[in-house]
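Colleague:
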Amino acid sequence: MEKLSFVKNGVLRLPPGFRFHPTDEELVVQYLRRKVLACPLPASIIPEVDVCKADPWDLPGDLEQERYFFSTREAKYPNTNRSNRATISGYWKATGIDKQIVTSRSNQAVGMKKTLVFYRGKAPNGCRTDWIMHEYRVVSTETAACNAPPNKKNQTQVNCHITLLLSLCLYVLVKAKSLILY
């Protein structure tokens, strides 16, 4: 049976009427964990993009829709867990505490979800924007299934869900029509 691919040139293309709206559990169990373990995915629907090589508005996909990417998170310094999330014109800053993702059937922890906000400029004086990213990572200790490749040093496979807060954006557009948005 031929596997359908819904990604073309790094952009998600679904037939009219179809939406990709997975739960946190589905993202971790059906996509991210399978990707980490080199198992077949349910559908080729999430492109692999280094989210820190470009600013959020330059990433593939429609700016007005949610976008999902597989990405490799690299360590900022050797032998540390601190991540390098700097982009061309800003950085992603973690906000709040990580949320544990559990299975609906067994209540077993399968992943973690971190919320990040994009800031323009250099830390710590960056200007907060309306771009939000949810970064998912697997917490399972499974390593020897489906021909999992060895992990490169200081790298972690993550799933990134990026969106622009449309309510804030619409508010700015309505209240300040002559304001130049960046």
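Residue numbering for the sequence shown follows the UniProt record's numbering, beginning at 1 and increasing consecutively. Beta carbons: idealized from backbone N, C-alpha and C, even for Gly. A quick note: this is a predicted structure, and the numbers were derived from the prediction, not measured.
Between 72, 56, 113, which has its C-alpha nearest residue 91's C-alpha?
Modeller: For the purposes of this step, residue 91 is taken as residue 91 along the sequence shown, with counting starting at 1. Looking at the Cα atoms, 56 is the closest of the given residues.
Colleague: If we count Cβ pairs, one from each stretch, closer than 8 Å, do we get three or more for the region 94-107 versus the region 45-61?
Modeller: Output reads no: the region 45-61 does not touch the region 94-107.
Colleague: With DSSP collapsed to three states, give me the class of residue 91.
Modeller: Taking the first residue of the sequence shown as position 1, residue 91 is located at position 91. Three-state result, residue 91: strand.
Colleague: Do residue 69 and residue 160 have their C-beta atoms within less than 8 Å of each other?
Modeller: Position 69 of the sequence shown, counted from the first residue, corresponds to residue 69. Position 160 of the sequence shown, counted from the first residue, corresponds to residue 160. For residue 69 and residue 160, yes; Cβs fall inside 8 Å.
Colleague: Following the continuous beta strand (DSSP E) through residue 73, name the residue where it begins and the one where it ends.
Modeller: Along the sequence shown, read from residue 1 onward, the residue named residue 73 stands at position 73. Start and end: 67-74.
Colleague: State the DSSP-derived secondary structure class of residue 48, mapped to helix, strand or coil.
Modeller: Taking the sequence shown and counting its residues from 1, one reaches residue 48 at position 48. Of the three classes helix, strand and coil, the one that applies to residue 48 here is strand, per DSSP.
Colleague: What does the Cβ neighbour count give for residue 144, buried or exposed, with the cut at 16 atoms within 10 Å?
Modeller: Taking the first residue of the sequence shown as 1, we reach residue 144 at position 144. Summary for residue 144: the model assigns pLDDT 45, below 50, so the residue's position carries little reliability, and this model does not support an answer.
Colleague: Label residue 27 either buried or exposed according to how many other C-beta atoms from any shown protein chain fall within 10 Å of its C-beta, with 16 as the threshold for buried.
Modeller: As a first step, residue 27 is located in the sequence shown; it is residue number 27 there, counting from the start. Looking at its Cβ environment, which holds 16 or more other Cβ atoms inside 10 Å, residue 27 is buried.
Colleague: Please confirm if the region 35-43 is in contact with the region 99-110, defined as three or more CB-CB distances below 8 Å between the two stretches.
Modeller: Result no; under three Cβ-Cβ pairs closer than 8 Å.
Colleague: If contacts are defined as beta-carbon pairs under 8 Å, then residue 33 and residue 158 qualify, I think. What distance do you get, rounded to the angstrom?
Modeller: Your numbering for residue 33 matches position 33 in the sequence shown. Your numbering for residue 158 matches position 158 in the sequence shown. Incorrect: roughly 12 Å between the Cβ atoms, too far for contact.
Colleague: For residue 118 and residue 125, what's the separation of their Cα atoms in angstroms?
Modeller: As a position in the sequence shown, residue 118 is number 118, starting the count at 1. As a position in the sequence shown, residue 125 is number 125, starting the count at 1. Whole-angstrom Cα-Cα distance: 12 Å.
Colleague: Would you decide whether residue 76 is buried or exposed? Buried here means 16 or more other CB atoms lie within 10 Å of its CB.
Modeller: The residue given as residue 76 occupies position 76 in the sequence shown. That one is exposed.
Colleague: Across which residues does DSSP place residue 161 in a beta bridge pair?
Modeller: For the purposes of this step, residue 161 is taken as residue 161 along the sequence shown, with counting starting at 1. For residue 161, which the question treats as bridged, DSSP gives the partners 68, 134.
Colleague: Could you give the DSSP three-state label for residue 144: helix, strand or coil?
Modeller: Residue mapping note: residue 144 aligns to position 144 of the sequence shown, counting from 1. Since pLDDT at residue 144 reaches only 45, below the 50 mark, its modelled position is unreliable, and the value read off the structure follows with that caveat. Reduced to three states, the DSSP call for residue 144 is coil.
Colleague: For residue 121, I'd like the list of residues in its chain whose CB is within less than 7 Å of its CB, leaving aside the five on either flank, ordered along the chain.
Modeller: Locating residue 121 in the sequence shown gives position 121, where the first residue counts as 1. Cβ within range, chain order: 90, 127.
Colleague: Using the Cα positions of residue 86 and residue 64, report the straight-line distance between them to the nearest angstrom.
Modeller: Here residue 86 refers to the residue found at position 86 when the sequence shown is read from its first residue. Here residue 64 refers to the residue found at position 64 when the sequence shown is read from its first residue. The straight-line gap from Cα to Cα measures roughly 23 Å.
Colleague: Tell me residue 116's beta-bridge partners as DSSP assigns them.
Modeller: Stepping through the sequence shown from its first residue, residue 116 is reached at position 116. Note: residue 116 sits in a beta bridge opposite 94, 133.
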